[in-house]
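Report on the following structure.
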Amino acid sequence: MKIDEVKTLLESFVDETIVNFQIDKTIFDSESGREAFNRTVRQYVGKKFGVYIWVDKATDEIVYIGMAGKIKTDGTLGDHSIQSRLLASRGKDKITKKDIQTNDYIRELMTQNNINSFDFYVMYSKAGEPPAYIEALLLYKYYKKNNRLPRFNNAF
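Here full-length UniProt numbering is used: the first residue of the sequence shown is 1, the next is one more, and so on.
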């Protein structure tokens, strides 16, 4: 599954605006690399809900599909935007028990998997379209086509 297939599949669920920016592994080479990553996210990603996709630039492979914006009981979307999601903790390190920030998580993924650059695609959901449904649709289609999930998605 390629990003153009995703765009076609999601036409009726997301706004026309698709944000695309690149994160190179070299951004993390300086002492302020984590902050540079966060600045880039703040520059390109709005405080809106929807899905985001990471693509290995060298291979054009979709390696991760994520979402932000869960529906609450009263029908409103939660306050965790895509921007917040990309700046937030990814959970606790199993050994140190410390929070793993997204910037550190991405740096480690790139280093451990010899990835030099990610293309980030952000697609904002239309009003009334739950991001969780859009993410599930993408993961399902990816799974059906490839018999597996994207490399860095742990479960579906």
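Ideal Cβ placement from N, Cα and C applies to all residues, glycine included. Just so you know, these numbers come straight off a predicted model, no measurement behind them.
Return the CA-CA distance between Asp79 and Lys72, expressed in angstroms with no decimal places. Working through the sequence shown from its first residue, we reach residue 79 at position 79. Working through the sequence shown from its first residue, we reach residue 72 at position 72. The alpha-carbon atoms of Asp79 and Lys72 are separated by roughly 10 Å.
Sub-7 Å separation of Arg107 and Phe156 beta-carbons: The residue given as residue 107 occupies position 107 in the sequence shown. The residue given as residue 156 occupies position 156 in the sequence shown. A distance of 7 Å or more separates the beta carbons of Arg107 and Phe156.
Could you tell me the distance, in whole angstroms, from the CA atom of Phe120 to the CA atom of Tyr64? Sequence index remark: in the sequence shown, residue 120 carries index 120 (1-based). Sequence index remark: in the sequence shown, residue 64 carries index 64 (1-based). Distance between the alpha carbons of Phe120 and Tyr64 is about 10 Å.
Helix, strand or coil for Thr111, going by three-state DSSP, please let me know. The count along the sequence shown starts at 1 and reaches residue 111 at position 111. In the three-state scheme derived from DSSP, where H, G and I count as helix and E and B as strand, Thr111 is classed as helix.
Using the DSSP secondary-structure output, state which residues sit across from Ser117 in a beta bridge. If you number the sequence shown from 1, residue 117 lands on position 117. According to DSSP, Ser117 bridges with Asp24.
Between the CA atoms of Gly46 and Glu16 - distance to the nearest angstrom: As a position in the sequence shown, residue 16 is number 16, starting the count at 1. As a position in the sequence shown, residue 46 is number 46, starting the count at 1. If I take the Cα positions, the gap works out to 14 Å.
Report the residue ranges of all beta strand (DSSP E) runs contained in full by the segment 78-111; include only those spanning at least 3 residues, in chain order. 89-92 and 99-101
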